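*Asks:* Protein chains in written order, with my numbering: chain A, 1142 to 1466; chain B, 1142 to 1466; chain C, 160 to 554; chain D, 160 to 554. Don't be surprised by glycine CBs; every beta carbon is placed ideally from N, CA and C. In this text, all values refer to a predicted model and were calculated from it rather than measured experimentally. Have a look at this one.
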Amino acid sequence: MAKMNMLQAINDALDTAMAANDRVLCFGEDVGVFGGVFRATSNLQQKYGKSRCFNTPLVEQGIIGFANGLAAQGSVPVAEIQFADYIFPAFDQIVNESAKFRYRSGNLFDVGRLTIRAPYGGGIAGGLYHSQSPEAYFAHTPGLKIVVPRNPHQAKGLLLGAIHDPNPTLFFEPKRLYRASVGDVPEGDYQLPLGEAEILKEGTDVTLLGWGAQMEVIEQAVEMAEKDGISCEIIDLRTILPWDADTVASSVFKTGRLVVTHEAPLTGGFAGEIAATIQERCFLYLESPIARVTGLDTPFPLVLEKEHLPNHLKVYDAIKASVDF
Amino acid sequence: MAKMNMLQAINDALDTAMAANDRVLCFGEDVGVFGGVFRATSNLQQKYGKSRCFNTPLVEQGIIGFANGLAAQGSVPVAEIQFADYIFPAFDQIVNESAKFRYRSGNLFDVGRLTIRAPYGGGIAGGLYHSQSPEAYFAHTPGLKIVVPRNPHQAKGLLLGAIHDPNPTLFFEPKRLYRASVGDVPEGDYQLPLGEAEILKEGTDVTLLGWGAQMEVIEQAVEMAEKDGISCEIIDLRTILPWDADTVASSVFKTGRLVVTHEAPLTGGFAGEIAATIQERCFLYLESPIARVTGLDTPFPLVLEKEHLPNHLKVYDAIKASVDF
Amino acid sequence: MSTTTKSGVSHTPKFTDGAEFRIPTFKMLKQDGKLYKGVKEPDLDREKALRIYRAMITTRVLDERMLAAQRQGRLSFYMQCTGEEAAVIGSTAALDDADMIMAQYREQGALAYRGFTIDEFMNQLFGNELDYGKGRQMPIHYGSSKLNYMTISSPLATQIPQATGYAYGQKLAGDGHCTIVYFGEGAASEGDFHAALNMATVHRVPVIFLCRNNGYAISTPATEQFAADGVAPRAYGYKMDVIRVDGNDILAVHEATRAARRMAVEENRPVLIEAMSYRLAAHSSSDDPSGYRSKDEEAVWREKDPILRMRHWLEHRQWWSEDEEKHLQETLRREVLETMKRAEKRPPPPLESLVTDVYDTVPPALQAQFEKLKVHIRKYPEAYPKSASHAKGGS
Amino acid sequence: MSTTTKSGVSHTPKFTDGAEFRIPTFKMLKQDGKLYKGVKEPDLDREKALRIYRAMITTRVLDERMLAAQRQGRLSFYMQCTGEEAAVIGSTAALDDADMIMAQYREQGALAYRGFTIDEFMNQLFGNELDYGKGRQMPIHYGSSKLNYMTISSPLATQIPQATGYAYGQKLAGDGHCTIVYFGEGAASEGDFHAALNMATVHRVPVIFLCRNNGYAISTPATEQFAADGVAPRAYGYKMDVIRVDGNDILAVHEATRAARRMAVEENRPVLIEAMSYRLAAHSSSDDPSGYRSKDEEAVWREKDPILRMRHWLEHRQWWSEDEEKHLQETLRREVLETMKRAEKRPPPPLESLVTDVYDTVPPALQAQFEKLKVHIRKYPEAYPKSASHAKGGS
Ligand SMILES: Cc1ncc(C[n+]2csc(CCOP(=O)(O)OP(=O)(O)O)c2C)c(N)n1
Ligand SMILES: Cc1ncc(C[n+]2csc(CCOP(=O)(O)OP(=O)(O)O)c2C)c(N)n1
Ligand SMILES: [Mg+2]
Ligand SMILES: [Mg+2]
């Protein structure tokens, strides 16, 4: 065990994967000698050479196209997109290609070895284009897996899980926590399971569900709510696609209430999918409407980002409203 | 009034818009002399000249980038994407650019004059890449409008509405109905409102909600259900974004039941957003879980597309299940 | 110092559009089957020449029969390679059979050359239970892992950067193989093309980009696709080796590709080959070219038929005879017809093919959707004739 | 006949990578402020020359002060134009002020030249209530409809095909205007660049593509960005007129752009200009170049300072003196500091700026979200110091 921040944990995961298998490659804009603009790939080129960790030209559609080809060939590409806001030029390669490669070929070919890493989320004064949380854009795409870690321990274990998973996986990293989140991280290889939500805290009155940086927000809100005598169950979804509806439904059967929160705008956000599924599965158990606490239905603002973001006070209010319904 | 199929109605709408305003331009792959692979732009080049209706090189990101620039300049571009399945290379230009142009500039600049047309949907033996219904991918994007017509009359009126609307608008055309749907279409200019759902039939037991080609499916299912004595209310959402939650909620207040159907896969589909919103707004009125009848969570198949698609029998079953809950 | 250019200096503002740096078209074989003056006999033995020729005839016969089948309503869709057989087969034949092929959709000739059987073609075309693609894609979306032919994907140009990536993997593997990627002059307008070429030269990747410039992208003539003299000059922008070749000249295509393969594999130099040809048939069975081009123009190109040109050459060498031609054509026609009959009668893929291969295993929520679907089909078997019997089994 | 090439024929398979078709660098002014031999005095009058020079100094002073302000924590982020002032301002100055500018982000010099005031810069940098962009974008994302300067957008290269479209609209409008689009050599790797150039020549659009090749895209040196000798050779691929120019040579940049504008506006010939320069500062205030390049390399380029070079020229012409320099610098420094103090004290944009301009009007569901937000802020005013007072008003 070592104390690490999230960036170090991610770097350690990549290092671990590259040491274990020389087919693992890391590449993207500025990931080579510089180690990435956030330094997630620090020292990997120095350690594993320029052919396994390198800068690419500045073209996201090319990076993912290249990565798809590499994965089909049998290599294990871990491609970095510098900011999740810049993943959209690669949307076609991800949604029409990565996601459908196995299905369309009848399993003759696949790109299951592909992992795409990208920092996402707000709270760093990034404005429209350094703050987006695009997970829901991809969650409508059968064939992809989508993972979001909440802390360094999770980040390393889930990233190794994603790299080993035989399906193309998007790994969105909450960049607000890159240096802010510090914790114990086991040494060596360990993999956390994809597709399984984690119950962080049991409770009986209301279920709180989120992922990534929102878990911290949820914890703050729950602290306030529990002072009011409300018993909260906290779930980290961890994998957005395919998501663990069973764990969420079981919790709601018990609590009868659900508050889901994410940073992305409300409309079309993944909380909608969760609410739609849970209202169906838990219809007779629900004691109040499923609440969504999210960003506004606007592009991401800068100066008033605090007002825009679903912080602990908004989550707390939603808990209260749910319980008082 | 003239009898037209949907393609003719669309062609008529474009003709009407181009005749009225010489800043209206139509372009895209093969839309010039050939009039588009579906012939939606037939004769427009002949009538308005090569500078106003033309072929573009085969590059969707360029087509929409070009269209964004034109719209910012004050022209009124109507860009065609040959199939909605091929809109993804332009995803960045649409989601990061068109949608955010006005907001990021504080309204100094906008691309509100932009309309993007694309044929969507299954049922034509198109397999993975000539069948997709991508509306939900865009519905998570504040700043865009998304419109889907159900018949020729609607197609002409809504397309003219979209062209005149001062916001960038995606206009998805149900290609299965291009020739199959025939009806009376008024002559000259008329615009149907964006952002307003339409109640096609009133009823008291259950609300059926859909858009585009699914409206036909709903009507067939309702015919079966009404024979069983179930009174159905039918709503055509027409505009997916921003959507008319008020009309839907009012209906559900009355019926207490809602079945939403679309062709796109279930997870992350727009029915999820609708269900999430309506369970919140109508919580105490709901007599059964909101049901979603959709495509499977898979890429779009070919030979077994009938099995994949949410046809009238599946919708009928959902109505029955909702009423019998 | 990254902005130092190796170019010289000028003190007058001169513009250039590069139009003067023409890339000539490499030709060896005249239409009458004789070599151009000064061209030496190609290094192509009889066995290989006949393997190429048979693949060309197979492709032509298959295309003719299947278009007819489509017209009869037996097939939903078809696309012909007609006119471009030399460009495709001549290049594939210059490779090692273990090299990877990433094609666009009009390259059935490459598969025919590698030995894809008529049965295999038919199973895909009819999407029956033996189709490797499990009936999920439209006709002509072939694939074969055995023959190193990547399954076709409809979105244009996506395979081009994938080929760069695939070839990078081959280079690291160090097994001496390369990738060839085929695409049309229309698809070369996509952003993915630009990314692929740039990354290939930056990362020194053993990949051959083979552009089939057949004059049209559906209805759009090449003159409305780009202003330059073809696609070849784009190579200059990436410092990529390029050659333009007469795409109807089997010998030139083969020779150019062989040289390109050597550069790719031995020196990690990616190469762009522009094969100048013409799409003699309609774009697809859904298209009618009379809306955008003249019969006269087509006739000019029909005169340049690449198969006939090769046949003349073979006959000059006495490697091929009228009788052999007749026999081959008849045998193939019969085989295609018989195989078609078999293939169209075969049942469709099983119902579970709807949900397998989305992931390596079927996720629980999808499995639940599938179980529900089966119950539904059992309830309305007459509405689902293709799968009602399949839905019976299981839970 | 669309596949007819205008190129000749060859009977041997020769490959070319175009490396021999070098594009020379156009230069007029030496670092000592004298013209190269044989270069004639530029057609640039004193008034315009000083307008250019003042814009360069304004840019430099602004950049120095604002980077310092960022280091003091007064500003969240900043990007400098340092080293590239001539490339940007020389080209803008060659245009009509009504021509459209679509910039990447490092072109504040163009705005300074057009007359964007220090106040206007500051309001954007501090995102206060007077920022035209209403505090929504990060610092340096300027825009001015009055000055025909499109608001900056962070996603790279998206503005390049937009410029092609904008210019197509100008051509149809027939008012004799054109668009210039700026981008880095890194951004030129994006697919959008390729689309933009191709569409511009196909549709004959009055657009000038100005590539600032400053050697780096953040940490990535141009040598890892492309294998070719710069970005200029890509023009060959689209049959676009191209010129390479010393980006630190104000006269050469100005002269080349003037000629380009003439071609664009009078003949609808789009032009690519590659301005060879160097990013003297860090990529942005978040970057530390010591991780990827040497001080020595930077020093070489510091010697080539474009502002000093122009100043020498002005002094030779006796259009500028030491005194004037001192006065200008001091005045500007004072103005920047005073304006900054004013700007940072101004209140942020009103709360409703969160929800306006998403659409032309606020849709009902968004209005409802906003009302809920106001209630929430009123409940927790201390948590929202920037907007608590604003939330009071209204419903
Ligand atoms: C991304 C994308 N856009 C559009 C299409 C529709 N489409 C299919 S083939 C084609 C023309 C391709 O022309 P070209 O690349 O020259 O190949 P050819 O058909 O001439 O062999 C088009 C526009 C597509 N399949 N994918
Ligand atoms: C689509 C996209 N990808 C990545 C980025 C992140 N990014 C911002 S600036 C930059 C480097 C740009 O280099 P260049 O175009 O050469 O311009 P320069 O900074 O040198 O002026 C990168 C990678 C971005 N803004 N947009
Ligand atoms: Mg073609
Ligand atoms: Mg640069």
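Just checking my contact of M281 of chain D with Y264 of chain D at CB under 8 Å: how many whole Å lie between their CB atoms?
*Replies:* At roughly 17 Å, the Cβ-Cβ gap does not stay under 8 Å, so M281 of chain D and Y264 of chain D are not in contact.
*Asks:* Quick check: is the beta carbon of T1197 of chain A nearer than 8 Å to any beta carbon in chain C?
*Replies:* yes
*Asks:* What's the gap between the Cα of G1173 of chain B and the Cα of L1211 of chain B?
*Replies:* 18 Å
*Asks:* Give me whichever residues DSSP pairs with G343 of chain C in a beta bridge.
*Replies:* C:R371
*Asks:* Assuming V534 of chain D is part of the alpha helix (DSSP H), what are its boundary residues?
*Replies:* It spans P523 to K538 - the alpha helix (DSSP H) in which V534 of chain D sits, taken as one unbroken run.
*Asks:* A1416 of chain B and A1462 of chain A: beta carbons closer than 8 Å?
*Replies:* no
*Asks:* Does the segment 318–329 of chain D come into contact with the segment 253–270 of chain D, if we say contact requires no fewer than three beta-carbon pairs (one atom in each stretch) closer than 8 Å?
*Replies:* yes
*Asks:* Which residues bound the beta strand (DSSP E) around D1325 of chain B?
*Replies:* V1323 to V1326
*Asks:* What does a CB cutoff of less than 6 Å around S378 of chain D pick up in its chain, not counting 5 residues either side in sequence?
*Replies:* Y451
*Asks:* Any residues in the segment 1226–1245 of chain B with a beta carbon nearer than 9 Å to a beta carbon of chain C? Which ones, in chain order?
*Replies:* D1226, Y1227, F1229 and P1230
*Asks:* Given this structure, state the Cα-to-Cα distance separating A386 of chain D from E349 of chain D, to the nearest angstrom.
*Replies:* Taking the straight line joining both Cα atoms gives about 15 Å.
*Asks:* Below 8 Å between beta carbons is the criterion; list the residues of the segment 1253–1272 of chain B that meet it against any residue of chain C, in chain order.
*Replies:* Per Cβ criterion, the list reads A1266, G1267, G1268, L1269, Y1270 and H1271.
*Asks:* Just to confirm, are A411 of chain D and F185 of chain D a CB contact at a threshold of 8 Å?
*Replies:* yes
*Asks:* Near H549 of chain D, which residues of its chain fall below 6 Å by C-beta distance, leaving aside the five closest residues on each side in sequence?
*Replies:* P509 and L510
*Asks:* Residues of chain D with a CB under 8 Å from the CB of V1174 of chain A: which are they?
*Replies:* S378, G450 and Y451
*Asks:* Could you tell me whether the Cβ of E1221 of chain B comes closer than 8 Å to any Cβ of chain C?
*Replies:* no
*Asks:* Please tell me whether S554 of chain C has its Cβ less than 8 Å away from any Cβ of chain D.
*Replies:* Because S554 of chain C carries a pLDDT of 43, less than 50, the predicted location of this residue cannot be relied on, and the following value inherits that uncertainty. So no, S554 of chain C is outside the interface.
*Asks:* Going straight from the alpha carbon of E1339 of chain A to that of L1378 of chain A, what length do you get?
*Replies:* 6 Å
*Asks:* Exposed or buried, A245 of chain D, counting other C-beta atoms within 10 Å across all chains shown (16 or more means buried)?
*Replies:* Buried, since its Cβ has 16 or more Cβ neighbours within 10 Å.
*Asks:* Determine the chain C residues that contact N1248 of chain A at a beta-carbon separation under 7 Å, and present them in chain order.
*Replies:* D516
*Asks:* Apart from the five residues just before and just after Q1361 of chain B, which ones in its own chain have a Cβ nearer than 6 Å to its Cβ?
*Replies:* Closer than 6 Å at Cβ, skipping near neighbours: H1453.
*Asks:* For P1307 of chain A, which of A:R1243, A:D1346 and A:F1424 has the nearest alpha-carbon?
*Replies:* A:R1243
*Asks:* My assumption, with CB atoms under 8 Å, is that K1342 of chain A sits in contact with C1373 of chain A. Please give the rounded CB distance.
*Replies:* 7 Å
*Asks:* Please indicate yes or no: does the CB of Y1227 of chain A lie closer than 7 Å to some heavy atom of ligand 2?
*Replies:* Y1227 of chain A Cβ: within cutoff of ligand 2.
*Asks:* May I ask whether a heavy atom of ligand 3 can be found less than 7 Å away from the beta carbon of R393 of chain C?
*Replies:* no
*Asks:* Please confirm whether R1433 of chain B and A1405 of chain B have their CB atoms less than 8 Å apart.
*Replies:* no
*Asks:* Can you find a heavy atom of ligand 3 that lies under 7 Å from the Cβ of R438 of chain C?
*Replies:* yes
*Asks:* Would you call the CB atoms of V514 of chain C and I277 of chain C closer than 8 Å?
*Replies:* no
*Asks:* Where the beta carbon is closer than 7 Å to any heavy atom of ligand 4, which residues qualify, in chain order?
*Replies:* D:G343, D:E344, D:G345, D:R371, D:N372, D:N373, D:G374, D:Y375, D:A376 and D:R438
*Asks:* Going by DSSP, what residue range makes up the beta strand (DSSP E) through E433 of chain C?
*Replies:* V430 to M435
*Asks:* Within 7 Å: the Cβ of R265 of chain D and any heavy atom of ligand 5?
*Replies:* You won't find ligand 5 in this model; what it holds is ligand 1, ligand 2, ligand 3 and ligand 4.
*Asks:* Can you tell me whether DSSP reads K1191 of chain A as helix, strand or coil?
*Replies:* coil
*Asks:* If you drop the 5 nearest sequence neighbours on each side, which residues of the same chain put their C-beta closer than 6 Å to that of A355 of chain D?
*Replies:* I319, P320 and T323
*Asks:* I want to check one thing, is the minimum distance from the CB of Q1361 of chain B to the heavy atoms of ligand 1 below 7 Å?
*Replies:* no
*Asks:* I want to verify the contact list: residues of chain C whose CB lies under 9 Å from the CB of Q1202 of chain B, in sequence order.
*Replies:* E349 and G350
*Asks:* Go to T1380 of chain B, then tell me how far its alpha helix (DSSP H) extends in each direction, as first and last residue.
*Replies:* DSSP places T1380 of chain B in no alpha helix (DSSP H) but in the uninterrupted beta strand (DSSP E) bounded by T1380 to L1382.
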